[in-house]
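As you go down the protein sequences, you meet chains A and B in turn.
First residue of the first sequence? That's 135 in the numbering used here, and the numbers climb one at a time after it.
First residue of the second sequence? That's 135 in the numbering used here, and the numbers climb one at a time after it.
The structure appears right after this line, and notes come after that.
There are 2 protein chains.
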Amino acid sequence: MSVNLNAPNPAELYPIAGVRIGVTEAGIRKVNRKDLTVVLIDEGAAVAGVFTQNRFCAAPVQICREHLVRGKGIRAMLINTGNANAGTGEDGRARAIHTCKALASALKIDAAQVLPFSTGVIMETLPIERIEAGLPAALADAKTGNWLRASEAIMTTDTVAKAFGAQVMIDGVQVSITGISKGAGMIRPNMATMLGFMATDACVCQEVMKQLALELAEGSFNRVTVDGDTSTNDSFVVIATHKAAHAPITSLDSAAGQALKAAMLGVAQKLAQAIVRDGEGATKFISIKVEGGQTQAECRQVAYAIAHSPLVKTAFFASDPNLGRILAAVGYAGIADLDQTGIDLYLDDVHVALKGGRNPDYREEDGQRVMKQAEITVRVVLGRGKASDIVWTCDLSHDYVSINADYRS
Amino acid sequence: MSVNLNAPNPAELYPIAGVRIGVTEAGIRKVNRKDLTVVLIDEGAAVAGVFTQNRFCAAPVQICREHLVRGKGIRAMLINTGNANAGTGEDGRARAIHTCKALASALKIDAAQVLPFSTGVIMETLPIERIEAGLPAALADAKTGNWLRASEAIMTTDTVAKAFGAQVMIDGVQVSITGISKGAGMIRPNMATMLGFMATDACVCQEVMKQLALELAEGSFNRVTVDGDTSTNDSFVVIATHKAAHAPITSLDSAAGQALKAAMLGVAQKLAQAIVRDGEGATKFISIKVEGGQTQAECRQVAYAIAHSPLVKTAFFASDPNLGRILAAVGYAGIADLDQTGIDLYLDDVHVALKGGRNPDYREEDGQRVMKQAEITVRVVLGRGKASDIVWTCDLSHDYVSINADYRS
Numbered sequence: 135m136s137v138n139l140n141a142p143n144p145a146e147l148y149p150i151a152g153v154r155i156g157v158t159e160a161g162i163r164k165v166n167r168k169d170l171t172v173v174l175i176d177e178g179a180a181v182a183g184v185f186t187q188n189r190f191c192a193a194p195v196q197i198c199r200e201h202l203v204r205g206k207g208i209r210a211m212l213i214n215t216g217n218a219n220a221g222t223g224e225d226g227r228a229r230a231i232h233t234c235k236a237l238a239s240a241l242k243i244d245a246a247q248v249l250p251f252s253t254g255v256i257m258e259t260l261p262i263e264r265i266e267a268g269l270p271a272a273l274a275d276a277k278t279g280n281w282l283r284a285s286e287a288i289m290t291t292d293t294v295a296k297a298f299g300a301q302v303m304i305d306g307v308q309v310s311i312t313g314i315s316k317g318a319g320m321i322r323p324n325m326a327t328m329l330g331f332m333a334t335d336a337c338v339c340q341e342v343m344k345q346l347a348l349e350l351a352e353g354s355f356n357r358v359t360v361d362g363d364t365s366t367n368d369s370f371v372v373i374a375t376h377k378a379a380h381a382p383i384t385s386l387d388s389a390a391g392q393a394l395k396a397a398m399l400g401v402a403q404k405l406a407q408a409i410v411r412d413g414e415g416a417t418k419f420i421s422i423k424v425e426g427g428q429t430q431a432e433c434r435q436v437a438y439a440i441a442h443s444p445l446v447k448t449a450f451f452a453s454d455p456n457l458g459r460i461l462a463a464v465g466y467a468g469i470a471d472l473d474q475t476g477i478d479l480y481l482d483d484v485h486v487a488l489k490g491g492r493n494p495d496y497r498e499e500d501g502q503r504v505m506k507q508a509e510i511t512v513r514v515v516l517g518r519g520k521a522s523d524i525v526w527t528c529d530l531s532h533d534y535v536s537i538n539a540d541y542r543s
Numbered sequence: 135m136s137v138n139l140n141a142p143n144p145a146e147l148y149p150i151a152g153v154r155i156g157v158t159e160a161g162i163r164k165v166n167r168k169d170l171t172v173v174l175i176d177e178g179a180a181v182a183g184v185f186t187q188n189r190f191c192a193a194p195v196q197i198c199r200e201h202l203v204r205g206k207g208i209r210a211m212l213i214n215t216g217n218a219n220a221g222t223g224e225d226g227r228a229r230a231i232h233t234c235k236a237l238a239s240a241l242k243i244d245a246a247q248v249l250p251f252s253t254g255v256i257m258e259t260l261p262i263e264r265i266e267a268g269l270p271a272a273l274a275d276a277k278t279g280n281w282l283r284a285s286e287a288i289m290t291t292d293t294v295a296k297a298f299g300a301q302v303m304i305d306g307v308q309v310s311i312t313g314i315s316k317g318a319g320m321i322r323p324n325m326a327t328m329l330g331f332m333a334t335d336a337c338v339c340q341e342v343m344k345q346l347a348l349e350l351a352e353g354s355f356n357r358v359t360v361d362g363d364t365s366t367n368d369s370f371v372v373i374a375t376h377k378a379a380h381a382p383i384t385s386l387d388s389a390a391g392q393a394l395k396a397a398m399l400g401v402a403q404k405l406a407q408a409i410v411r412d413g414e415g416a417t418k419f420i421s422i423k424v425e426g427g428q429t430q431a432e433c434r435q436v437a438y439a440i441a442h443s444p445l446v447k448t449a450f451f452a453s454d455p456n457l458g459r460i461l462a463a464v465g466y467a468g469i470a471d472l473d474q475t476g477i478d479l480y481l482d483d484v485h486v487a488l489k490g491g492r493n494p495d496y497r498e499e500d501g502q503r504v505m506k507q508a509e510i511t512v513r514v515v516l517g518r519g520k521a522s523d524i525v526w527t528c529d530l531s532h533d534y535v536s537i538n539a540d541y542r543s
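Okay, here's the thing in structure tokens:
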């Protein structure tokens, strides 16, 4: 059911010097599926992460935040599917810490140098004995070229693995970027997606990494939504291994910083959009541009109101140009002084609404033509300023209901 | 698909002295269905209304607000289905005014004494010639006992008509109350429902009526949601005809004011809950109580986050006690300093989560038992204060998607 989303192109998934990945089947929830991943990072890399703003954040998210603050130098990540270790209280924290210690012991590093990630069912006990039992096989599998296997091993309700890469010249040195992500439901990231990991061999100072991670998330994962449900486990981590032989990047505003950020943002946006393209039950990929706002924040607020409206989403599913539903969502988005007579609405190139009413030149068959496409751009012009923003989402189909009514069974 | 919602009981729909209702088939969108209603109000009645906060409010909502402010004494209401006259710009306003003038002319009153209401498809031109042509038949049908026919004539995607009544003694005088409502989708009223009308023969000063309408809406229609889509046309109007021979109610805090308000609130809550029970595709009626908050507002914010979560709603549809989804919604409700370790969760009498984690005594079969019921109470205890609030909602089923993917066809 994914929308224009192909399996990852192995040729594009550049090995990143300084990052080795190992995968195994630990039987965490179901047998015969890859569900445990270790990511081993050479000493000296800079690592930063952004995490869910959900107050019910999962135990591994809490531990990730604490370990990043400790600043001992992150050397490994441990990722399991099948169980989110969320809504599990103190016991969940203890179990997350236990798995960090187990991996740290095998690698002879400090437990605070390990970042744990879990995704899957909420409010069930993490089976740490299965994770511990799976570690030797995962470590034995570790190699530089394992990004594709990792993208498969972190899938839950995803139907397609998500992995993209890019290369960019920095100071005459070729730098590689590779990233993976997972997620299809409970997607309205607020700082990051369910799980997203990117690595580069570029040389980026640790001081700049946090800002880089924030700006990448802001321009990619924080622009997508499937169902408006902000996950308990959203995590996005960026690794720079410092293996490329260019001068260290000490500012994102430098020419090198801008070039690297642009290349990484391209990969991050593909990863984020891949989550929407693979959104549970998705049959359409919708870009919602809101322009002419007073602030970028109000444009995004309007875009999300449209993106979350079940009526708008079902109209897209039906390819029905029932476009009054979009205007209704604009109206309830929460902009107190919005003047409806200033608003224009476009579907791709079709001018649907003019100054808050139906455009006299609008013909239903033109709207119908666009609505039948698999990729649609909704453009709302608020007519009250110069700010703009964009959000990517998908439609709401029968399959979304089926998938989420059956998820645990 | 409605949940424990029977057709109106005619014995409960008390005629209200001073209010006559007429209904006809005007063929506004489809033939052979009642789609035009006139409500004729004797001189001297007090009338107040509350309307949608959607900035894209429909033309009739704008005209209603203006006519109520004019204060000429409301003498008639004109209600059509099949067309919402929303997103129709200046032309829509002119058409709404035109219908008021047509009815005013027939009744020999001022157009500003007419309130217009429209519900149906958004962004299509209101066929005023059909409405005008239908007026004589509607007026000829006008009688006191027509509440049941009116409740049927205002239905759109509703599967059951919604009408309730009550009687109460005020100063030893028996007072009657009758109300009707419609709505099943695009339901997250913000001040009022799609359409709700209540009348009483009680004697309530005009100065008190606005407050009465606000408090009734606040305790009923502003507590329900189906899909989170605040309509462009929400309107709730309360009429007191002053025909009952008790002393005028000059304050809602008086004994008479409190008695009348309590009786009217009972009817308003039944009308509001009926909309949820008849929610598009609904198979479950869910009450969401949030307790132990610092303010009522934050309790309601949490309750709506749960009520709007597609993941929570599909879990109810599946009768699946996937209760971590409820905790996740609590977590992203937007309470910045919420401490997850203070939170308890109950499904009816079953204590599911204790201090943010799974209650050790919780057994899945107990949760399963409650989830299979047609009526379920979710109770969240935030553990940070003494405030509480309640919201009523329904589940999200395949039929919701079908109904909204097919609505216009």
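Using N, Cα and C, we set each Cβ at its ideal position, and we do this for glycine too.
| Check | Outcome |
| --- | --- |
| C-alpha distance - glycine 415 of chain A paired with threonine 527 of chain A, whole-angstrom precision | 12 Å |
| Straight-line Cα distance separating isoleucine 440 of chain B from valine 181 of chain B | 35 Å |
| C-alpha distance - isoleucine 373 of chain A paired with lysine 296 of chain A, whole-angstrom precision | 18 Å |
| Within 7 Å, strictly: CB atoms of leucine 329 of chain A and serine 369 of chain A | yes |
| Between the CA atoms of leucine 530 of chain A and glycine 490 of chain A - distance to the nearest angstrom | 26 Å |
| Residues near asparagine 538 of chain B in its chain [Cβ-Cβ closer than 7 Å; skip 5 each side] | Gly319 and Glu414 |
| Within chain A, partners of glutamate 352 of chain B - CB distance below 8 Å | By Cβ distance, chain A contributes nothing, its closest Cβ being about 18 Å from glutamate 352 of chain B, past 8 Å. |
| Same chain only: Cβ atoms within 8 Å of glutamine 301 of chain A, ignoring 5 sequence neighbours per side | Tyr148, Gln308, Val309, Ser310, Ile311 and Ala397 |
| CB contact flag (alanine 402 of chain B, serine 354 of chain B, <7 Å) | yes |
| Chain-ordered chain D contacts of histidine 532 of chain A [CB-CB under 7 Å] | Reference to chain D is not applicable here, since the protein chains of this structure are A and B. |
| Where the alpha helix (DSSP H) through phenylalanine 355 of chain A begins and ends | No alpha helix (DSSP H) contains phenylalanine 355 of chain A, which DSSP labels as neither H nor E. |
| Exposure of lysine 277 of chain B, with buried meaning 16 or more beta-carbon neighbours within 10 Å | exposed |
| Chain A contacts made by the segment 241-269 of chain B, where a contact means CB separation under 8 Å | Val255, Ile256, Met257, Glu258 and Thr259 |
| CA nearest to the CA of leucine 260 of chain B, picked from B:Ala220, B:Asp523, B:Pro455 and B:Asp483 | B:Ala220 |
| For alanine 145 of chain B and valine 173 of chain B, the rounded distance between their alpha carbons | 20 Å |
| Same chain, Cβ closer than 6 Å to isoleucine 469 of chain B, five either side skipped, listed in chain order | Glu432 |
| Contact list for asparagine 188 of chain B against chain A, beta-carbon separation under 7 Å | Ala462, Gly465 and Tyr466 |
| Between the CA atoms of leucine 139 of chain A and glutamate 263 of chain B - distance to the nearest angstrom | 50 Å |
| Minimum Cβ-Cβ distance from aspartate 368 of chain B to chain A less than 7 Å | no |
| Cβ pair valine 371 of chain A, glycine 178 of chain A closer than 7 Å | no |
| Same chain, Cβ closer than 7 Å to lysine 206 of chain B, five either side skipped, listed in chain order | Asp244, Ala246 and Gln247 |
| Closer than 7 Å to chain A by CB, threonine 364 of chain B | yes |
| Contact list for the segment 154-182 of chain A against chain B, Cβ threshold 9 Å | none |
| Per-residue contacts from isoleucine 231 of chain B into chain A (C-beta, under 9 Å) | The contacting residues do not exist; isoleucine 231 of chain B stays about 15 Å from chain A at best. |
| Under 9 Å by beta carbon: chain A residues contacting phenylalanine 451 of chain B | Val535, Asn538 and Ala539 |
| Serine 385 of chain A classed as buried or exposed, judged by whether at least 16 other C-beta atoms fall within 10 angstroms | exposed |
| Span of the alpha helix (DSSP H) around proline 444 of chain B | 444-451 |
| Neighbourhood of asparagine 456 of chain A by C-beta, 6 Å cutoff - its chain only, sequence neighbours within 5 removed | Ala449 |
| Whether methionine 343 of chain B touches arginine 492 of chain A by CB criterion (7 Å) | no |
| C-beta contact flag for arginine 227 of chain B and alanine 193 of chain B at 7 Å | yes |
| Local conformation of histidine 485 of chain B per DSSP, three classes | strand |
| Whole-angstrom distance between valine 446 of chain B and histidine 532 of chain B, CA atom to CA atom | 14 Å |
| Limits of the unbroken beta strand (DSSP E) element including serine 285 of chain A | Per DSSP, serine 285 of chain A belongs to no beta strand (DSSP E); it is in the alpha helix (DSSP H), 281-287. |
| Under the three-state DSSP convention, the category aspartate 495 of chain A falls into | coil |
| Opposing strand residues paired with proline 194 of chain B [DSSP bridges] | For proline 194 of chain B, which the question treats as bridged, DSSP gives no partner whatsoever. |
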